[in-house]
Amino acid sequence: MEKYQIIKLIGRGAFGVVWKAMNKQTSEVVAIKKVDRYNTMEDAINPPAVRSLTKMNNHPNIIKLKEAIRDDEGTLFLVLEYMEYDLDTLMDEIRTEPFSEPEIRNMCFQILQGLAYMHYNGYIHCDLKPANILVSKNNVVKIGDLGSVREADSVQPYPVTTVCYRAPEVCLHAPVYDSSVDMWAVGAIMAELYINEPVFYYEGDVLVKICSVLGTPTETTWVSGLNLARNICYKFQDFPGVRFSELLWSASPDAVNLIASFLSWCPSDRLTAMQALLLKSNLMA
1 MEKYQIIKLI GRGAFGVVWK AMNKQTSEVV AIKKVDRYNT MEDAINPPAV RSLTKMNNHP
61 NIIKLKEAIR DDEGTLFLVL EYMEYDLDTL MDEIRTEPFS EPEIRNMCFQ ILQGLAYMHY
121 NGYIHCDLKP ANILVSKNNV VKIGDLGSVR EADSVQPYPV TTVCYRAPEV CLHAPVYDSS
181 VDMWAVGAIM AELYINEPVF YYEGDVLVKI CSVLGTPTET TWVSGLNLAR NICYKFQDFP
241 GVRFSELLWS ASPDAVNLIA SFLSWCPSDR LTAMQALLLK SNLMA
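Residue numbers are given in this note's numbering: position 163 of the sequence shown equals residue 163, and the series is strictly consecutive.
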């Protein structure tokens, strides 16, 4: 770590802190993440962020790992490429007006490109949210913070952490879930870009908020979810739901349909990242 000069603290999360720093030998500006916590002992020995970033290090829409360093005390530092902004900061502190649809289309296309590559390589991000979508001053978008990433064939539940972007099957403690949890998060992020606030923000039970938007699930829309709810003695509240076209009043019909396809109760009904990219008549066209 001696070759890096810390400039300032730029982030703090569940798994550690992130600094802006400079390589004293090359003058390159980087981001350094100090990893303070792990989910398992296996993660501490072979961190999933290092495994996944090493495998996907050359994709233009996934943050690049420059090197991983352990100090004498065993603390792990990830040296990453530096990105000027994240979507959360852009929406809350920098932007004075909502994003236009062309801007949203461009950002979401890049997110889906990175996510499709990630899923193809057998990884699930598990914590997609605006704060983990990084943006350069040239409007290049990259998926960041892979601290919660898991292999798709992992036998243990994935630590999906942020409530506003958490898929309903995770809320109901499904014993197994897949890359569709990331697609739910993409839909929530896209909707937020249009309305400039989290679509599922709620201080209590987030499933109540989801029901108020999607309508209460039924035997037709999500029978397995009703079974999950019964297993934990959870009772869905009755809501008729709202029309996405009314909620996302500034979005085009294609954008509304795409977001709705991500925000489906049933995980198997959600479009995959690759399917969304291949569609020729939706928002990405």
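Ideal Cβ positions, reconstructed from N, Cα and C, are used throughout, including at glycine.
Predicted model only: the values in this text are computed from it and were never measured.
Beta-carbon separation of residue i and residue j under 7 Å?
| i | j | result |
| --- | --- | --- |
| residue 82 | residue 31 | yes |
| residue 186 | residue 262 | yes |
| residue 131 | residue 274 | no |
| residue 80 | residue 133 | no |
| residue 99 | residue 34 | no |
| residue 119 | residue 179 | yes |
| residue 217 | residue 265 | yes |
| residue 173 | residue 232 | yes |
| residue 63 | residue 56 | no |
| residue 164 | residue 201 | yes |
| residue 127 | residue 89 | no |
| residue 181 | residue 167 | yes |
| residue 25 | residue 8 | no |
| residue 256 | residue 245 | yes |
According to DSSP, is residue i helix, strand or coil?
| i | result |
| --- | --- |
| residue 134 | strand |
| residue 293 | Past the boundaries of the shown model lies residue 293; the chain is included only from 1 to 285, so the question cannot be answered. |
| residue 3 | coil |
| residue 242 | coil |
| residue 254 | helix |
| residue 88 | helix |
| residue 279 | coil |
| residue 273 | helix |
DSSP has residue i in a bridge; who is on the other side?
| i | result |
| --- | --- |
| residue 76 | 35, 70 |
| residue 94 | DSSP, once it has assigned bridges, lists no residue as partnering residue 94. |
| residue 8 | 20 |
| residue 62 | 143 |
| residue 30 | 21, 81 |
Does the beta carbon of residue i sit closer than 7 Å to a beta carbon anywhere in chain B?
| i | result |
| --- | --- |
| residue 82 | Protein chain content of the structure displayed is limited to a single chain, and chain B is not contained in it. |
(message) Between the region 54-74 and the region 6-22, can you find at least three pairs of beta-carbon atoms closer than 8 Å?
(response) The answer is no - the region 54-74 does not touch the region 6-22, with fewer than three Cβ pairs under 8 Å.
(message) Can you confirm whether the region 189-206 touches the region 239-258 when touching is taken to mean that 3 or more C-beta pairs between the two stretches lie within less than 8 Å?
(response) Enough Cβ pairs lie closer than 8 Å, so yes.
(request) Let me know the beta strand (DSSP E) ranges lying completely inside the region 155-236, each 3 residues or longer, listed in chain order. (result) With a minimum length of 3 residues, no continuous beta strand (DSSP E) run stays inside the region 155-236.
(request) Kindly confirm or deny that the region 110-127 and the region 49-61 touch, where touching means at least three C-beta pairs closer than 8 Å. (result) Because the criterion of three Cβ pairs below 8 Å is met, the region 110-127 and the region 49-61 touch.
(request) Note down, one range per segment and in chain order, each alpha helix (DSSP H) of at least 4 residues found wholly within the region 101-149. (result) Runs found: 101-120.
(message) I'd like to know if the region 232-246 and the region 209-218 are in contact, where contact means that at least 3 CB-CB pairs between them fall below 8 Å.
(response) Yes, since at least three Cβ pairs between the region 232-246 and the region 209-218 fall closer than 8 Å, the two stretches touch.
(message) Between the region 220-228 and the region 137-157, can you find at least three pairs of beta-carbon atoms closer than 8 Å?
(response) No, because fewer than three Cβ pairs between the region 137-157 and the region 220-228 fall closer than 8 Å, the two stretches do not touch.
(message) Pairs of beta-carbons, one from the region 107-122 and one from the region 140-155, closer than 8 Å: are there three or more?
(response) Counting Cβ pairs under 8 Å, three or more are found: they touch.
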